[in-house]
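For reference, the structure is listed below as structure tokens.
Given below as structure tokens:
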């Protein structure tokens, strides 16, 4: 759910309900067990307790330049560390193969072979669905295919097609 709220205004989010049903019984010893008249000496109560969780959100826009610069610096440092760790990963790992396919897709796109580029970009996204670079390359290839008037697949290619293409190109280029 998306909500647009002016700065400093409070939004109430509710709807999380919880109900607890408690049942208890008590009786007068011996008399509660008598047939027919025992019901007069027994008592049964049921209690329903309802709870609702309400979340209050008040967004604040921070315009302090130092805080923004500090956040950007922390984000830059985080991405730099992630790139260093990604490069040190095993070359046989899925992410490494995905980066290789993304580079191949970019080279094929620059060479003008958009269908091969799309297959390679799909393989890169298949191997690493969190790779922003591979997703961006795939989106750019789709845009170029649509702009050129070439037939564009309606959905991402199936794994079988990608593996067939991978087997066909395995002898010409290593991932």
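Numbering (the working numbering), first residue to last: 4 to 178.
Glycine included, each C-beta is placed from N, C-alpha and C at the ideal position.
None of the values given here were measured: they were computed from a predicted structure.
In the DSSP assignment, residue 133 is bridged to no other residue. 8 Å or more divides the Cβ of residue 100 from the Cβ of residue 121.
Scanning the stretch 58-121 from its first residue to its last, the whole alpha helix (DSSP H) runs of 4-plus residues come out as 68-91 and 97-114. The C-alpha of residue 61 is placed about 31 Å away from the C-alpha of residue 135. Closest option to residue 119, judged by alpha-carbon separation, among 141, 59 and 74: 141.
Here residue 146 is exposed, its C-beta having fewer than 16 other C-beta atoms within 10 Å. In this structure, residue 131 keeps its C-beta atom at 8 Å or more from the C-beta atom of residue 84. The beta-carbon separation of residue 17 and residue 55, rounded to 6 Å, stays under the 8 Å limit for a contact.
Secondary-structure assignment with DSSP links residue 4 through no beta bridge to anything. For residue 25, the number of other beta carbons within 10 angstroms of its own is below 16, and it is reported as exposed. Exclusion of the five residues before and after residue 128 leaves 101, 134, 137, 138, 141 and 159 as the residues of its chain whose Cβ lies within less than 8 Å of its Cβ.
Burial is judged here by how many other beta carbons sit within 10 angstroms of a residue's own beta carbon; residue 64 has fewer than 16 and is exposed. Collapsing the DSSP output to three states places residue 153 in coil.
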